[in-house]
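See below for the structure under consideration.
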Amino acid sequence: MLTHSDIWRAIDRLAREYGFSASGLARRSGLDPTTFNKSKRTTRHGRLRWPGTESIAKILAATGAGLEEFVSYVGGGSGISRTIPVIGFPQAAMAGCFDDAGHPVGPAWDEIAVPALGDPHSYALEISGDGMEPVYRDGDTVIVSPRANIRRGDRVVIGTGSGAVTAGVVRRRSAGRIDVGSFNPRHADRTLPVDDARWMARIVWASQ
């Protein structure tokens, strides 16, 4: 039987998988930041309060998660349930590491066990050096989802026509260009012609 705590646990898990606190996920979804607070899960008289279906629809849209992924969290699945490809960020630009859709291919990839994600093409990149500080530091691992929706303010990985792989924050997207903010204030922001971005995928989680 589906319980009140099952649904709230799934919301908390979804937030963690995509790098948010419960309040951060609510804010990102256009909801009141207190919508998923612990205090909102029961009334002042102690009656259980269920999250609305509209709220659930909004958090799925904000994260790009599918209903199947959300349902897997309702079931209380374990945090580590699959392996995905992993490679060092500097090596990711080597020829043959990605196909035209930005999915990992070729023999250079290793594997890493991670929390379950709904995207079968998700992969991990290991950060090295200080070029992405202070957001990501040497030794961090980020998980990237090619299927996740991308909006302004998202952290992304981009494969360019020259074969380079870069990362940053989407500042603005138009029909002709993508403005990408640098993680590191020592490095300049960039503007890429849309035609030069072969693919773009969202960073959905990081181990730090």
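The sequence shown begins at 6 in this note's numbering and counts up by one.
Even glycine gets a Cβ: it sits at the ideal position worked out from N, Cα and C.
Identity of the residue in the options nearest residue i by Cα
i: R32; options: H108, I12 and K63; result: K63
i: C102; options: G35, G164, A27 and N42; result: G164
i: V170; options: K43, R52, V76 and G93; result: G93
i: P109; options: S150, A118, S133 and G134; result: S150
i: V199; options: V175, N189 and A193; result: V175
i: T88; options: R191, D143, I148 and A15; result: I148
Residue i burial status per 10 Å Cβ neighbour count (16 or more: buried)
i: R3; result: This structure cannot speak to residue 3, because the chain is shown only from 6 to 213.
i: A118; result: exposed
i: S34; result: buried
i: R156; result: exposed
i: A220; result: Since the first residue shown for the chain is 6 and the last is 213, residue 220 is missing from the structure and cannot be characterised.
i: S127; result: buried
i: L72; result: exposed
i: S179; result: exposed
Nearest-angstrom Cα separation, counted from residue j out to residue i
i: D201; j: G186; result: 16 Å
i: A221; j: L65; result: Any answer about residue 221 is impossible in this case: the structure gives the chain only from 6 up to 213.
i: D115; j: G51; result: 50 Å
i: A67; j: D11; result: 21 Å
i: M205; j: G69; result: 14 Å
i: T48; j: R18; result: 22 Å
i: I85; j: E22; result: Reliability of the predicted coordinates at I85 is poor, the pLDDT of 42 falling under 50, and no value is obtained from them.
i: E59; j: G134; result: 43 Å
i: I3; j: N154; result: With the chain running from 6 to 213 in the structure shown, residue 3 is simply not present.
i: V43; j: P56; result: The residue you asked about is not Val; residue 43 is Lys in the sequence shown. If you take the alpha carbons of K43 and P56, they lie about 12 Å apart.
i: R195; j: R14; result: 39 Å
C-beta contact flag for residue i and residue j at 8 Å
i: R207; j: D145; result: no
i: F75; j: V140; result: no
i: G24; j: A172; result: no
i: T39; j: S28; result: yes
i: D124; j: R142; result: no
i: V79; j: A129; result: no
i: R191; j: G166; result: no
i: A106; j: G168; result: no
i: H9; j: L36; result: no
Residue i CB to nearest heavy atom of the ligand HEM below 7 Å
i: K45; result: This structure lacks the ligand HEM; in fact it carries no ligand of any kind.
Uninterrupted beta strand (DSSP E) stretches inside the segment 166 to 197 (no shorter than 3 residues) = Those beta strand (DSSP E) runs which fall completely within the segment 166 to 197 and span 3+ residues are 170 to 178 and 182 to 186.
Give, in chain order, every unbroken run of the alpha helix (DSSP H) that is at least 4 residues long and sits entirely within the segment 30 to 108.
-> 58 to 68 and 72 to 79
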